[in-house]
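Chemist:
Residue numbers (this note's numbering): 122 to 425.
Set out below in structure tokens:
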């Protein structure tokens with residue numbers, strides 16, 4: 122259920138508000154293009170600057186749209202916060218509206234210890250019966266959950282089913298695979314970095330929560346399908362085709378570049394919320410060139 126390409130969905134804005142119509146169309150397109158699941162209100166969805174009401178609205182729209190689709194895909198709702206009580210509230214809402222799982226970034230800024238990280242995830246798992254992915258991204262949070270603590274969470278907490286790993290430490294994937302054992306359950310490892318998803322899968326991973334899939338969903342899904350079927354030659358060829366786009370979409374702080382790319386493809390406005398600002402002209406040229414190199418030339422021209 123939780124394998125393959127899961128776009129970390131952008132949140133379109135119009136006149137300062139969430140553009141509900143554009144978001145629904147975007148989710149429909151993602152499913153039509155072959156994405157294996159969707160992840161609303163993560164970092165790429167600008168969750169830090171969404172109000173609580175907007176956060177919940179976007180999750181509801183994602184679930185409702187996915188349920189209406191001809192092909193069922195799971196919804197992993199972003200529910201993370203550095204406030205445990207707030208994270209529980211978001212998770213309760215996600216379960217209520219029908220999300221299939223919750224994604225919990227480790228608490229940022231207040232920098233809990235390994236014990237604090239465990240107790241944070243435990244409190245959420247105890248409060249809400251919904252599958253949990255732990256989001257380990259030290260570059261954003263300034264903390265990193267150890268392999269031992271990850272294994273403790275998986276062994277002790279029945280709702281913890283996997284990780285979105287953005288540590289850039291590829292040996293962790295094998296270490297976690299060996300450490301995270303629970304009778305009758307498989308620890309699901311999803312990459313949080315498009316550029317290293319191939320290596321993560323080769324270490325025994327299961328897919329990617331992807332930024333690039335926002336604008337190249339079909340190619341990202343084909344790439345993940347190749348990995349899951351063991352066709353590493355095809356996966357490498359797709360990796361090489363996608364790599365310039367992976368690179369360009371992080372030429373500035375995400376989601377600035379990917380929102381601009383979505384605008385160039387006619388999917389939504391490029392608007393972000395402060396403190397994020399429009400990407401620089403040089404960055405726009407770099408994203409345009411990457412879109413062309415991947416083969417999205419017709420769409421890019423149509424958006425001009």
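C-beta: ideal position from N, C-alpha, C; glycine also.
I need the DSSP call for residue 256, collapsed to helix, strand or coil.
Modeler: One-based indexing of the chain shown puts residue 256 at position 135. It is a strand residue.
Chemist: Which residue wins for smallest C-alpha separation from residue 184, given the options 219, 250 and 359?
Modeler: Counted from its first residue, the chain shown places residue 184 at position 63. The option with the nearest alpha carbon to residue 184 is 219.
Chemist: Identify whether residue 159 lies in helix, strand or coil by the three-state DSSP scheme.
Modeler: By one-based count along the chain shown, residue 159 stands at place 38. Residue 159: strand per DSSP, three-state reduction.
Chemist: On the criterion of 16 or more Cβ atoms from any shown chain inside 10 Å, does residue 286 qualify as buried, or is it exposed?
Modeler: Your numbering for residue 286 matches position 165 in the chain shown. With 16 or more Cβ atoms within 10 Å of its Cβ, residue 286 is classed as buried.
Chemist: Touching or not, the region 309-319 and the region 122-131, by the rule of three or more beta carbon pairs under 8 Å?
Modeler: Flag = yes, the region 309-319 and the region 122-131 touch.
Chemist: At the level of alpha carbons, what is the spacing between residue 169 and residue 363?
Modeler: Residue mapping note: residue 169 aligns to position 48 of the chain shown, counting from 1. Residue mapping note: residue 363 aligns to position 242 of the chain shown, counting from 1. Roughly 28 Å between the two C-alpha positions.
Chemist: Looking at the secondary structure, which residues open and close the beta strand (DSSP E) in which residue 428 lies?
Modeler: The displayed coordinates of the chain run from 122 to 425. Any statement about residue 428 would go beyond what the structure contains.
Chemist: If you draw a straight line from the alpha carbon of residue 375 to that of residue 166, how long is it in whole angstroms?
Modeler: By one-based count along the chain shown, residue 375 stands at place 254. By one-based count along the chain shown, residue 166 stands at place 45. So the two alpha carbons sit approximately 10 Å from each other.
Chemist: In its own chain, which residues sit with a C-beta less than 7 Å from the C-beta of residue 241, not counting the 5 before and 5 after it?
Modeler: The residue labelled residue 241 in the question sits at position 120 within the chain shown. Around residue 241: 205, 228 and 233.
Chemist: What residues are listed by DSSP as bridge partners for residue 197?
Modeler: Against the chain shown, residue 197 aligns to sequence position 76. The partner list for residue 197 (beta bridge, DSSP) reads 222.
Chemist: With DSSP run on the structure shown, which of helix, strand or coil describes residue 296?
Modeler: By 1-based counting over the chain shown, the position of residue 296 is 175. If DSSP states are grouped into helix, strand and coil, residue 296 belongs with the helices.
Chemist: Expressed to the nearest angstrom, what Euclidean distance is found between the alpha-carbon atoms of residue 423 and residue 403?
Modeler: What you label residue 423 is simply residue 302 of the chain shown in a count that begins at 1. What you label residue 403 is simply residue 282 of the chain shown in a count that begins at 1. In this prediction, residue 423 scores a pLDDT of 46, lower than 50, which makes its location untrustworthy; no coordinate-derived value is stated.
Chemist: Keeping to the same chain, check which residues put their C-beta closer than 8 Å to that of residue 149; ignore five residues upstream and five downstream.
Modeler: Within the chain shown, residue 149 is the residue found at index 28, counting from 1. So the qualifying residues of the chain are 186 and 190.
Chemist: If you run the structure through DSSP and keep just helix, strand and coil, what is residue 312?
Modeler: Mapped onto the chain shown, residue 312 falls at position 191. Correct three-state label for residue 312: strand.
Chemist: For the pair the region 401-416 and the region 368-387, tell me if three or more CB-CB distances fall below 8 Å.
Modeler: In short, these stretches touch, since the Cβ pair count reaches three.
Chemist: Can you look up residue 289 in the DSSP assignment and give me helix, strand or coil?
Modeler: Locating residue 289 in the chain shown gives position 168, where the first residue counts as 1. Coil.
Chemist: In chain order, what residues of the same chain lie with their CB nearer than 8 Å to the CB of residue 235, ignoring the 5 residues before and after it?
Modeler: The count along the chain shown starts at 1 and reaches residue 235 at position 114. Only 266, 267, 269 and 270 meet the Cβ criterion.
Chemist: When we look at the beta-carbon of residue 351 and count the other beta-carbons within 10 Å, is it buried (16 or more) or exposed?
Modeler: What you label residue 351 is simply residue 230 of the chain shown in a count that begins at 1. Exposed is the call here.
Chemist: Give me, in chain order, the residues of the same chain whose beta-carbon lies closer than 8 Å to that of residue 188; leave out the 5 immediate sequence neighbours on both sides.
Modeler: By one-based count along the chain shown, residue 188 stands at place 67. Excluding residues within five positions, the ones whose Cβ falls inside 8 Å are 219.
Chemist: Between the region 130-147 and the region 313-323, can you find at least three pairs of beta-carbon atoms closer than 8 Å?
Modeler: They do not touch, by the three-pair rule.
Chemist: Please go through the same chain and pick out, in chain order, the residues whose beta-carbon is closer than 6 Å to the beta-carbon of residue 171, but skip the five residues on each side of it.
Modeler: Your numbering for residue 171 matches position 50 in the chain shown. Excluding residues within five positions, none has a Cβ falling inside 6 Å.
Chemist: Given a cut-off of 8 Å on the beta-carbon distance, is the pair residue 256 and residue 226 in contact?
Modeler: Position 135 of the chain shown holds residue 256. Position 105 of the chain shown holds residue 226. A contact, by the Cβ cut-off of 8 Å.
Chemist: When you compare only the Cα positions, how much space is there between residue 195 and residue 399?
Modeler: Start at 1 with the first residue of the chain shown, and residue 195 comes out as number 74. Start at 1 with the first residue of the chain shown, and residue 399 comes out as number 278. C-alpha separation (whole angstroms): 32 Å.
Chemist: Relative to the C-alpha of residue 298, which residue among 315, 273 and 279 is closest?
Modeler: On the chain shown, residue 298 is found 177 positions in, with the first residue counted as 1. Cα-wise, what sits closest to residue 298 is 273.
Chemist: Per DSSP, residue 329 is paired with what?
Modeler: Here residue 329 refers to the residue found at position 208 of the chain shown. Answer is 126 and 312.
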